[in-house]
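> Below is one structure. I have some questions about it.
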Amino acid sequence: MMNFKSMMICLMAICFQTVSEAKEDESANPLGCQNTGYRFTLKTLELFPGENGPHQTMYFFYNLSNQSVILHQMRREESARSMYINHTMMPSHWSVLAANENVIRFICSIPNKRSDYGDVVDCANYVKVCKNTQVRFGLNNKGNFWIVDNNSKNGALRQVVYYGIIP
Amino acid sequence: MKSIVISISILTGIYTGTALAESAQDAYRLGHYVLAGQQLQPLDPVNEYYLGKLRLYGYGLLKNTPLALHYFTEAAQKGYLPAELLLARYSLIVKNNPSEALVWFKKAAAIGDNDARMYCAAAYLFGYGTAKNPDMARKYYIDAAKSGVPLAQYTLGKYFLGSRDKQSKQLGLIWLSKAAKLGSAQAQQTLEKLEKNPAHSKEEVVSEDLPSGPIQLQTIISWLTEGKTAEVSQSPYALKGIFLNWANKNTTFENHYNQPPLMPQVTKETLFKPKFKMIKPNDIAISDYFENIAHFNKVAPPVLQDYPQYPLYPTFELLRYHDSLVLQHEDENVFIYPETLLDSADTELHVLTLLEIVPKDQNRRLNYQKALLDLYGRAILGESSAQFELGQLYQAGVAVAKNPKAAINYYELAAIQQETRAEYNLGLLYLSGQTDPIDYEKGLDWLLDAAFKGNAYAQYALGSIYQYGLMDEKNEVLLEPNIEQAMAMYHLASANDFAPAEYQLANMLTQTNQADLNVRMKAHRSRFIKQLYHDAANKGIRDAFLPLAFYQAMSHQPDEQLSAFETAALEAQSGNTTASLLLGLLYDRGIGIAVNHTEAIRWYKEANVHPVSAFILGTYASRGIEEGGDKKKAKELLTFASGKKLPFADYNLAILNYQQQEPFVPSLLKAREAGSQTAGLLLADYYLNKATSQEELKEAYQLYAEFAKKGDAEAATKLAYLYDHGIGTLPNPFEAEKWYRVAATQNYPMGQYLLGELYQAGRLNGQNHVNEAKHWYEEAAKNGNVNAPIALGFIQETHDEDYQAANLAYQKASTHQNPVAFFNLGLIKEYGKGEPVDYQQAFIFYQKSAELGSDAGMVQLGKLYLKGLGTEKDTALAETWFTKAAEQKNRQALYQLGLMRFHGINQAADLQKAAAYFEEAANLGHEKALMHFAFMLESGKGISKDEARAIELYTQAARNHNARAAIELAKIYMQKGETRQAQIWLDQAKSAGHPEAEKLTSLLKNKAQF
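Protein sequences appear in the order of chains U and H.
Start counting the first sequence at 0; every next residue gets the next number (numbering that gives the first Met the number 0).
Start counting the second sequence at 0; every next residue gets the next number (numbering that gives the first Met the number 0).
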């Protein structure tokens, strides 16, 4: 029969294993970041910041590929008076977007020497997304903007905190 | 060096095209007992156990119980659990020797068998076959308790409860609870009592004293089964099988064969037999037809003017409408003016007064001027939409003189403010070459910018440009087609709900090659296309109605099917041939309307210019379904369809050619190249069966691999079989398992059956996985595989020794008129396995089996006729059936015929013929036939005497533990005066317990003294 001591050793071993696995998997979602509030459809990426919670929220993006991925914001209105929040993601890096619109849509493309816009790709194959559902923003930090351009997971988390946002 | 060996192995496999020999253990597990008996070598405990079973049952080898027990003992001493458990039960029940039983149970317990642990616990607890020893007993039931045996947990709980220590009592309660949770009634009762009166816990336990005095086996069994039974035969300690469960005592005679149950055989020849059958038009998914139709209905690429245009500022649209000389106007005198005009009039009355006094043409001019001024005023104030709309007027020449340069100026002003409509129009202007200088690059850039900002028109236009490529006015290529980016742009425009893009994307998807897609991907793609057509049709794209109807026709929903029929009928009436074809398909299959072949043919003929119609009519003509159909007409129609690159037509043309013994491979190859999976698989089967060259086998292997990778279940099964049996490739059971699983998880019955067989044979890692095998056989049986219930019954009979379950399984298979199932059922009845002997029933089953062509069934039927069991004695009929079975080289039948000729049954004895039958049977491994033949050779009875050959044959049998052969050898050597040789064989016969051995030994001794 496994005694208490050996059971504890096993449990600890499992815990350490989990920790070390988590360390190794840079692409795993940061703590508190959940697979909700977005969908991949018809090659595009749609974010729903207002879904199930306050509008002002935060999305973590991870570039799954080994090349840059450009996110082009896709608007429905024909004439936009605000800036497009386009962004280039470095390979295997994390970026973080603060968002407060009902819907934000992106086209994804990869660089192509012949065109500045690049070739359109299916976002689902290139980008990993998660949403921080429980996040508090300072009053002066509202709106749509990239908090973190390109960083490691831990680096991105540090930058978010530095910005005064509590994930 | 290693690679050379591998190459040689591959080549050997490839050129012979045969599977590598199965291992002796595989042979045993799959019921190939004769082969197993010849190949199993002792020293390995598993082999010894299997040899023991063969000898015990007389399967494949002559029954020899002492030898079987010797093999079991050898295997058990090497720690083989099944042998230990068998010997433990044998000692306990047959030998009634509990001490010996305990020794074997202890060995089994040491390996971790829970039944054995509990028996040891009981033996020490009660003192059965050993002295009472509660400490030793506890050691065993603690181990069993930890492995989750409720009785052990209950016993341990009680022990702890009896302790004085409070903590131990707590532990006792924990174990009792565990046992209660696992269903121990005793534990539940004890817990109940304790709950009512916790103070009595100790007395409660102590009061249940164990019985004293001599202990019976029933007492032990009763304790071990928690009082459920005292009969060992009803308990998990029962000794099953031939020992006690077979009612027919004839089966227990030594030195004879019992007939083993049979396992179904899936041979290479049956699995890979090419099936030259035409594809039935109704077996082809309507979506597959539609995708071929889509290829024939390609439309011309659009020109720039076809791209969507933004409407003008509403006022100008209305004015333009009223200026039109073509359009009908409801009220010719209506006055149109911009809303801003109202602001300039003081009152409405003022406006009306103005209208009356101003002539009509002046009104018109005034209106245009006012509207233009209004727009201009807003444009110069920086309103981007007004700048765009002004640009539109200059571009179209409405209200102003046509001026592309001015249009560009206004568009550019708007574009600076991210007005994507202006960017789109700029893009089209530059691409139309109306600018000075002409700058196509700039045009593309504007379109791209608008598209990436989300403008649906730009995305759609770019989709079209990428799809068809772009040429200048001199037809020089500006942009090569880029299908991937075209689809991407259509996807984006569809994400913006732009209906023409949805329609166009669906069209493109139907036209892309789907040969590389697996089954799941195809289904997903089909759903996606249907959704796109559905959305486009709902948004008013009329051209999407008919394609949608094709997809609706595939739905199982009656309302969708009806909708498909209505669309097809409507469009067909207006002369659309594609709709006529669909209508034909719907009548043919009874979708949305009752089946009506006459109507179907009528509508197919309406669409006879269509290759799909030609294919269907051609196929029907070849099968005589269509009135007046004939092979010549069939060939004409199929050739026409084949010329239009319709792979189904190529395939059926190939089959027609095969049926008419004309060259068929070219058509088959053409169909396969066009992506027909059916053609590819038939080609692979054809190559594999022919297998005249390495290339053909390689080609077959590659074809199976290609289709298996796409998820085709049949191809995956066949590829797995090649790996499983090392045909055309090195044997690789793990690859075999992988591909069988691909098929099995798609509920492909043959894949499930063969996966079960792989597990049963234990080819994966030398160990058979009986439970996995049973699971897959059950699944295969559920999906209609007729062999699977027999294989399941075979395991239940030979491994579990559960004759009731086996009986049920065989009965299930017998409903499919399976000869093997009837044979196995006959054996159960004849041998009385787990039930009384019933020769009448056995006779009926054997007769069915024999009539369905089973040689084993024929032999058993013949034996019943010969002995008059279950039927009237009829030696003539017996001989008839033996003869039929002998034609299939059945060794038992040959032996029986030998005996009949030897003893002169039905006709005068013919020793020469008898010898021939015995020799043939002996060559197939029949040892009794061998002994007869050797005797005839030795005595020269009926044939020429040949002592040397007789000695050779006797030696062969004697080495296979045949004591009679050893005696015969001893006699020959004694006569020859070779006492030493004689003594050797006498010793063997003596150790085997042959009664003549003693007598001959003393005779030999006496001879030596003289």
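We put the CB at the ideal spot given by N, CA and C, even for glycine.
The structure displayed is predicted, hence computed values, not measured ones.
How big is the Cα-Cα spacing for M930 of chain H and T728 of chain H?
For the purposes of this step, residue 930 of chain H is taken as residue 931 along the second sequence, with counting starting at 1. For the purposes of this step, residue 728 of chain H is taken as residue 729 along the second sequence, with counting starting at 1. Cα to Cα, the separation comes out at about 42 Å.
> List, in chain order, every chain H residue whose beta-carbon is nearer than 9 Å to that of S78 of chain U.
Within the first sequence, the letter at position 79 stands for residue 78 of chain U. Chain H residues near S78 of chain U: S383, S384, F387, A413, Q416, Q417, E418, T419, R420, A421.
> Between which two residues does the beta strand (DSSP E) harbouring M520 of chain H extend?
The count along the second sequence starts at 1 and reaches residue 520 of chain H at position 521. It is not in any beta strand (DSSP E) - M520 of chain H instead sits in the alpha helix (DSSP H) that spans 518-537.
> Only counting the same chain, and skipping five residues up and downstream in sequence, which positions put a Cβ closer than 6 Å to that of L341 of chain H?
Numbered from 1 along the second sequence, position 342 holds the residue referred to as residue 341 of chain H. Interpretation of L341 of chain H is limited by its pLDDT of 47, a score under 50 that renders its predicted location unreliable; the figure taken from the coordinates is listed afterwards. Correct list: empty, nothing qualifies.
> Let me know the secondary structure DSSP gives A98 of chain U once reduced to three states.
Counted from its first residue, the first sequence places residue 98 of chain U at position 99. In the structure shown, A98 of chain U adopts extended strand secondary structure according to DSSP, grouped into three states.
> So, does the CB of R75 of chain U fall closer than 9 Å to a CB anywhere in chain H?
Counting from 1 along the first sequence, the entry for residue 75 of chain U is found at position 76. Closer than 9 Å to some Cβ of chain H, the Cβ of R75 of chain U qualifies, so yes.
> Contact defined as beta carbons within less than 8 Å: I believe G390 of chain H pairs with Y410 of chain H. What is the distance between those atoms, to the nearest angstrom?
As a position in the second sequence, residue 390 of chain H is number 391, starting the count at 1. As a position in the second sequence, residue 410 of chain H is number 411, starting the count at 1. Sure, about 4 Å apart at Cβ, within 8 Å.
> In its own chain, which residues sit with a C-beta less than 6 Å from the C-beta of L39 of chain H, not counting the 5 before and 5 after it?
In the second sequence, the residue the question calls residue 39 of chain H occupies position 40. Beyond the five residues adjoining it in sequence on each side, L39 of chain H comes within less than 6 Å, by CB distance, of A23, N46, Y49, L50 in the same chain, given in chain order.
> Taking its Cβ as the centre, do 16 or more other Cβ atoms sit within 10 Å of E661 of chain H, making it buried, or is it exposed?
Working through the second sequence from its first residue, we reach residue 661 of chain H at position 662. Classification for E661 of chain H: exposed.
> The beta strand (DSSP E) that contains S183 of chain H, what's its start and end?
One-based indexing of the second sequence puts residue 183 of chain H at position 184. No beta strand (DSSP E) contains S183 of chain H, which DSSP labels as neither H nor E.
> Would you report the Cα separation of L68 of chain H and D945 of chain H, rounded to the nearest angstrom?
In the second sequence, residue 68 of chain H corresponds to position 69, counting from 1. In the second sequence, residue 945 of chain H corresponds to position 946, counting from 1. Rounded to whole angstroms, L68 of chain H to D945 of chain H spans 36 Å at the Cα level.
> Does the contact criterion of 3 or more C-beta pairs under 8 Å hold for the stretch 230-242 of chain H versus the stretch 723-743 of chain H?
No contact exists between the stretch 230-242 of chain H and the stretch 723-743 of chain H.
> Tell me whether L61 of chain H sits in a helix, a strand or coil according to DSSP, three-state version.
The residue labelled residue 61 of chain H in the question sits at position 62 within the second sequence. Three-state result, L61 of chain H: coil.
> Give the residues of chain U in contact with S493 of chain H, contact being defined as C-beta atoms less than 7 Å apart.
As a working note, residue 493 of chain H is residue 494 in the second sequence. Simply L41.
> So, is M73 of chain U buried or exposed, given that buried needs 16 or more other C-beta atoms within 10 angstroms?
For the purposes of this step, residue 73 of chain U is taken as the residue at position 74 of the first sequence. Classification for M73 of chain U: buried.
> I'd like to know whether the C-beta of S114 of chain U is nearer than 9 Å to at least one C-beta of chain H.
Sequence index remark: in the first sequence, residue 114 of chain U carries index 115 (1-based). So, interface residue.
> Quick one: is A21 of chain U near chain H, going by C-beta distance under 9 Å?
In the first sequence, residue 21 of chain U corresponds to position 22, counting from 1. With a pLDDT of only 43 at A21 of chain U, under 50, the local geometry of the prediction cannot be trusted, and the value read off the model is given with reservation. No, A21 of chain U lies away from the interface with chain H (no Cβ there is under 9 Å from its Cβ).
> Between N2 of chain U and chain H, is any beta-carbon pair separated by less than 9 Å?
For the purposes of this step, residue 2 of chain U is identified with residue 3 of the first sequence, where counting begins at 1. Residue confidence for N2 of chain U is low, a pLDDT of 47 falling below 50, so the modelled location carries little weight; the figure read from the coordinates is stated next. It does not: the Cβ of N2 of chain U has no partner Cβ on chain H nearer than 9 Å.
> How about L876 of chain H and G861 of chain H: are their beta carbons less than 9 Å apart?
Sequence index remark: in the second sequence, residue 876 of chain H carries index 877 (1-based). Sequence index remark: in the second sequence, residue 861 of chain H carries index 862 (1-based). In contact: L876 of chain H and G861 of chain H (Cβ atoms closer than 9 Å).
> Closest to Y70 of chain H by CA distance: which of H:N770, H:N782, H:K643, H:R54 is it?
For this step, residue 70 of chain H is matched to residue 71 along the second sequence. When only C-alpha atoms are compared, the closest one is H:R54.
> Can you give the Cα-Cα distance for R157 of chain U and R75 of chain U, rounded to whole angstroms?
In the first sequence, the residue the question calls residue 157 of chain U occupies position 158. In the first sequence, the residue the question calls residue 75 of chain U occupies position 76. So the two alpha carbons sit approximately 34 Å from each other.
> Name the two residues that bound the continuous alpha helix (DSSP H) containing K127 of chain U.
By one-based count along the first sequence, residue 127 of chain U stands at place 128. Counting along the chain, K127 of chain U falls outside any alpha helix (DSSP H), though it belongs to the beta strand (DSSP E) covering 126-131.
> Listed in chain order, which residues of the stretch 466-490 of chain H have Cβ atoms closer than 8 Å to some Cβ of chain U?
E483, Q484, A487, M488, H490
> For chain U, check one thing: does any of its Cβ atoms lie closer than 9 Å to the Cβ of K138 of chain H?
Along the second sequence, read from residue 1 onward, the residue named residue 138 of chain H stands at position 139. False, the Cβ-Cβ gap to chain U never drops below 9 Å.
> Under 8 Å Cβ-Cβ, which residues of chain U neighbour K452 of chain H?
Against the second sequence, residue 452 of chain H aligns to sequence position 453. Chain U residues near K452 of chain H: H71, Q72, M73, R74, A79, Y83.
> DSSP beta-bridge partners for K832 of chain H?
As a working mapping, residue 832 of chain H is identified with position 833 in the second sequence. H:W245.
> Can you tell which of H:E977, H:V785, H:E253 has its C-alpha closest to the C-alpha of Q264 of chain H?
As a first step, residue 264 of chain H must be located in the second sequence, where it is residue number 265. The residue with the shortest Cα to Cα distance from Q264 of chain H is H:V785.
> Determine the direct distance from the alpha carbon of L61 of chain H to that of A928 of chain H, and round the result to whole angstroms.
Residue 928 of chain H sits at position 929 when you count from the first residue of the second sequence. Residue 61 of chain H sits at position 62 when you count from the first residue of the second sequence. Their Cα atoms are separated by approximately 12 Å.
> Express the C-alpha separation of A413 of chain H and L443 of chain H in angstroms, rounding to a whole number.
Along the second sequence, read from residue 1 onward, the residue named residue 443 of chain H stands at position 444. Along the second sequence, read from residue 1 onward, the residue named residue 413 of chain H stands at position 414. The alpha-carbon atoms of L443 of chain H and A413 of chain H are separated by roughly 18 Å.
> With 9 Å set as the bound, which would you pick, yes or no: does the beta-carbon of L447 of chain H sit closer than that to a beta-carbon of chain U?
For the purposes of this step, residue 447 of chain H is identified with residue 448 of the second sequence, where counting begins at 1. Interface residue, yes.
> Given that a residue counts as buried once 16 or more other Cβ atoms are within 10 Å of its Cβ, and exposed if not, what is G992 of chain H?
Within the second sequence, numbered from 1, the residue matching residue 992 of chain H stands at position 993. Exposed: under 16 other Cβ atoms inside 10 Å.
> Judging by CA-CA distance, which residue of U:V128, U:W145, U:A155 is the nearest neighbour of F47 of chain U?
Against the first sequence, residue 47 of chain U aligns to sequence position 48. Here the closest residue by C-alpha is U:V128.
> Taking the alpha carbon of Q133 of chain U as the point to measure from, which residue in U:E25, U:Q55, U:T40 has its own alpha carbon closest?
Here residue 133 of chain U refers to the residue found at position 134 of the first sequence. Ranking U:E25, U:Q55, U:T40 by Cα distance to Q133 of chain U puts U:Q55 first.
> For D43 of chain H, does the three-state DSSP call read helix, strand or coil?
Locating residue 43 of chain H in the second sequence gives position 44, counting from the first residue. Secondary structure of D43 of chain H (DSSP, three-state): coil.
> Does the stretch 99-116 of chain H come close enough to the stretch 245-254 of chain H that 3 or more CB-CB pairs lie under 8 Å?
no
> Under the three-state reduction of DSSP, which class applies to V93 of chain H: helix, strand or coil?
Looking up residue 93 of chain H in the second sequence gives position 94. Looking at V93 of chain H - three-state DSSP - the assignment turns out to be helix.
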